[in-house]
Amino acid sequence: MISSVGSIPAFPPLLSAYPAVTPGEGLLHVLRARIDAEPFNAVATAIFLLAILHTFAAARFAALADAVQRKHDARARAGGRAPVPSVVAEMLHFFGEVEVVFGLWAVVLLVAITLAKGWDVATHYLNDGVKYTEPLFVVVIMALASTRPVVRFAEDALRQLASIGRGTPAAWWVSILTVGPLLGSVITEPGAMTISALLLARQFYDLRPSTPLKYATLGLLFVNVSVGGTLTHFAAPPVLMVARTWNWDTPFILTHFGWRAALAIWLSTACYYLAFRRELKALASRPAEVDIEQPDEDADSAAPALLPVPAWVTGVHLLFIAWMVFNSHYPALFLGGFLFFLGGLVIHGGLQGWWIAPVLGSLSRVPLFVGATLLTSFNDNALITYLGTLVPDLSDTLRYAVVAGAVTGGGLTVIANAPNPAGQALLAGCFGGTVSPLKLLAGAVIPTLIAAILFIAL
Numbered sequence: 138m139i140s141s142v143g144s145i146p147a148f149p150p151l152l153s154a155y156p157a158v159t160p161g162e163g164l165l166h167v168l169r170a171r172i173d174a175e176p177f178n179a180v181a182t183a184i185f186l187l188a189i190l191h192t193f194a195a196a197r198f199a200a201l202a203d204a205v206q207r208k209h210d211a212r213a214r215a216g217g218r219a220p221v222p223s224v225v226a227e228m229l230h231f232f233g234e235v236e237v238v239f240g241l242w243a244v245v246l247l248v249a250i251t252l253a254k255g256w257d258v259a260t261h262y263l264n265d266g267v268k269y270t271e272p273l274f275v276v277v278i279m280a281l282a283s284t285r286p287v288v289r290f291a292e293d294a295l296r297q298l299a300s301i302g303r304g305t306p307a308a309w310w311v312s313i314l315t316v317g318p319l320l321g322s323v324i325t326e327p328g329a330m331t332i333s334a335l336l337l338a339r340q341f342y343d344l345r346p347s348t349p350l351k352y353a354t355l356g357l358l359f360v361n362v363s364v365g366g367t368l369t370h371f372a373a374p375p376v377l378m379v380a381r382t383w384n385w386d387t388p389f390i391l392t393h394f395g396w397r398a399a400l401a402i403w404l405s406t407a408c409y410y411l412a413f414r415r416e417l418k419a420l421a422s423r424p425a426e427v428d429i430e431q432p433d434e435d436a437d438s439a440a441p442a443l444l445p446v447p448a449w450v451t452g453v454h455l456l457f458i459a460w461m462v463f464n465s466h467y468p469a470l471f472l473g474g475f476l477f478f479l480g481g482l483v484i485h486g487g488l489q490g491w492w493i494a495p496v497l498g499s500l501s502r503v504p505l506f507v508g509a510t511l512l513t514s515f516n517d518n519a520l521i522t523y524l525g526t527l528v529p530d531l532s533d534t535l536r537y538a539v540v541a542g543a544v545t546g547g548g549l550t551v552i553a554n555a556p557n558p559a560g561q562a563l564l565a566g567c568f569g570g571t572v573s574p575l576k577l578l579a580g581a582v583i584p585t586l587i588a589a590i591l592f593i594a595l
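Structure, rendered in structure tokens:
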């Protein structure tokens, strides 16, 4: 039986429902008071921190999965049997997929909410409290932007630009990493990320660049896409979250953010080009790697013989179907299950306002900019700017600082900007299936610092 909305207590509590902050009151005292008012705040944030730690441990899970599979194969060969996938190795590989981390921990969070507050509160929060507009949009725009006509159109446009540099890998690299992210101000950041990642995979990563250049390129792509959508007020999720509330239109965004973002993109790309120019030039004489799992689109290939489906795989699929049927009255529950990573991310993020809002509200311009940049590493940057709209009496200077900081830090981690998981998913195969969070962070640091200097100093 479905309870009426009016009988369900507000969860999470509105920020205005917490005790008022008195002048001179310390931040730790404020946070402690909010935990006292709603003890589940600490539980939700602890689960969120575990999810973040899981993202940094994903590469270790993947490496352990490979080791387990190798031992399993060796035992099979020693016994005269053909190697087959190990269930344990497959499970470890599953835990090593960054794309599933927040979905998995969202399940833990759902169980915790149910135990602490009841099923009605849990379903009400997921169905009515969490806004899935952005994750849904990212999935849809990914599907559209990755279609053959759109990719070919973007590729043809960038080919014309790359032809200025004679169509070399270096010319493609510069074109994709500069013009591609700026397209995000028109076709949105998720669209720009999808197209840029697809073209980088085809025109650059297939040439097998070195690991430092691989991660430098990925970090540069994430940072450039994060700031590249700030030429308009409707394309970048962090800007979109505040544009209506703060009455920011495209001319305002372009004059305050856009030109700085474009300059940051070109300067960052130029710095990395100078650092890797010898290798980029050498790629021109290197043949592209042939992926036998991705045959030429015009080639005919016979379907391989189908293997029997393991019973446990069938069982998992049936459980997902049962979940959909059981929650047919709660669209967010089955949509959130489908989105998984992005859905899980916004589910966690919606319960972090109790500490993010007072942290942002206690800082001045430069510390707020730095704080927003760092917080973005652990939260989607659209969530950071949205929470900025909840801080009362935020001045224009501080509004600029929180948005500039949020877009600046959008490339530091895979969870910092909504399109990042899409880019990682499209390029993960170029990194052996797993992207190292620390190497990604290292690759994004220099472009982030360049963007930070331009946004805060100019």
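By the count of this note's numbering, the sequence shown reaches residue 595 at its end, each step adding exactly one. Just so it is clear, CB atoms sit at the ideal spot from N, CA and C, and this is done for glycine as well.
#### Entry: Where the alpha helix (DSSP H) containing Ser363 begins and where it ends
Run containing Ser363: Thr348 to Gly365, per the alpha helix (DSSP H) assignment.
### Message
Suppose you measure from the CA of Thr387 to the CA of His370; what does that come to, to the nearest Å?
### Response
Between Thr387 and His370, the C-alpha separation is close to 5 Å.
### Query
Glu175 CB to nearest chain C CB: under 9 Å?
Absent here is chain C; the protein component of the structure consists of one chain.
### Message
Please list the terminal residues of the continuous alpha helix (DSSP H) segment that includes Tyr410.
### Response
From DSSP, the alpha helix (DSSP H) with Tyr410 extends over Trp396 to Ala419.
### Query
If we ignore side chains and look at the alpha-carbon of each, how far apart do Glu434 and Trp309 end up?
Model confidence at Glu434 stands at a pLDDT of 43, short of 50, so the residue's coordinates are unreliable and nothing is read from them.
### Message
Using CA atoms only, rank isn't needed, just tell me which of Leu520, His485, Pro584 and Val360 is closest to Ala179.
### Response
That would be His485, whose Cα lies nearest to the Cα of Ala179.
### Task
Check each candidate in Pro150, Val544 and Ala202 and name the one with the smallest Cα separation from Ala372.
Of the listed residues, the one whose Cα sits closest to Ala372 is Val544.
### Query
Helix, strand or coil: how does DSSP classify Arg212 here?
In the three-state DSSP reduction, Arg212 falls in the helix class (H, G or I).
### Message
In this structure, how does DSSP classify Ala588 when only helix, strand and coil are distinguished?
### Response
Residue state, collapsed to three classes: helix.
### Message
Closest to Leu314 by C-alpha separation, out of Gly216, Ile189, Thr406 and Asp210, would be which residue?
### Response
Of the candidates Gly216, Ile189, Thr406 and Asp210, Thr406 places its Cα closest to the Cα of Leu314.
### Message
Does Trp310 come out as helix, strand or coil in the three-state DSSP assignment?
### Response
Trp310 falls in the helix class under three-state DSSP.
### Task
Please classify Pro504: does DSSP put it in a helix, a strand, or coil?
Pro504: helix per DSSP, three-state reduction.
### Task
Please state if the CB of Leu549 and the CB of Ser514 are separated by a distance shorter than 9 Å.
Note that the C-beta distance between Ser514 and Leu549 is below 9 Å.
### Message
Is it buried or exposed, Lys208, if we count other Cβ atoms within 10 angstroms and call 16 or more buried?
### Response
Counting Cβ neighbours within 10 Å, Lys208 comes out exposed, since fewer than 16 surround it.
### Message
Mapping the DSSP letters down to three states, classify Ser438 as helix, strand or coil.
### Response
Summary for Ser438: the model assigns pLDDT 37, below 50, so the residue's position carries little reliability; its value from the coordinates is reported in the next sentence. Three-state result, Ser438: coil.
### Message
Quick check: what's the CA-CA separation for Leu241 versus Phe193?
### Response
Straight-line measurement puts the Cα of Phe193 at about 15 Å from the Cα of Leu241.
### Task
Verify whether the separation of the beta carbon atoms of Gly365 and Leu320 is less than 9 Å.
Contact: yes.
### Task
In angstroms with no decimal places, state the Cα-to-Cα distance between Leu512 and Arg218.
A straight line joining the alpha-carbon of Leu512 with that of Arg218 spans about 51 Å.
### Task
Return the CA-CA distance between Ala509 and Ala538, expressed in angstroms with no decimal places.
Whole-angstrom Cα-Cα distance: 8 Å.
### Message
Check for me: the alpha helix (DSSP H) holding Ile172 runs from which residue to which?
### Response
Start and end: Leu164 to Ala174.
### Query
To the nearest angstrom, how far is it from the Cα of Ile521 to the Cα of Ala494?
The alpha-carbon atoms of Ile521 and Ala494 are separated by roughly 9 Å.
### Task
Would you tell me roughly how many angstroms separate the C-alpha atoms of Ile552 and Ala215, rounded to the nearest one?
Here the alpha carbons of Ala215 and Ile552 stand approximately 43 Å from one another.
### Task
May I have the straight-line CA-CA distance separating Ala398 from Val503, to the nearest angstrom?
In a straight line, the C-alpha of Ala398 is about 18 Å away from that of Val503.
### Query
With 16 as the cutoff for other CB atoms within 10 Å, does Ser347 come out buried or exposed?
Exposed, since its Cβ has fewer than 16 Cβ neighbours within 10 Å.
### Message
Can you tell me whether Asp257 is helix, strand or coil according to DSSP?
### Response
Reduced to three states, the DSSP call for Asp257 is helix.
### Task
Measure how close the beta-carbons of Asn361 and Pro558 come, nearest whole angstrom, since I'm counting them as under 8 Å.
The pair is not a contact, with the Cβ atoms about 17 Å apart (cut-off 8 Å).
#### Entry: Sequence-distant residues of its chain with Cβ nearer than 8 Å to Ile145 (five each side left out)
Excluding residues within five positions, the ones whose Cβ falls inside 8 Å are Asp257, Val258 and His261.
### Query
Mind checking whether Pro529 and Gly498 have CB atoms under 9 Å apart?
In this structure, Pro529 lies near Gly498, with their beta-carbon atoms less than 9 Å apart.
### Task
Can you grab the Cα-Cα spacing for the pair Pro222 / Arg212, in whole Å?
C-alpha separation (whole angstroms): 12 Å.
### Query
Out of curiosity, what's the CA-to-CA distance linking Val267 and Gly542?
Approximately 24 Å, taken between the alpha carbons.
### Message
Give me the residue from Leu524, Gly304 and Ser501 with the minimum Cα distance to Leu420.
### Response
Selected option, being the one with the closest Cα: Gly304.
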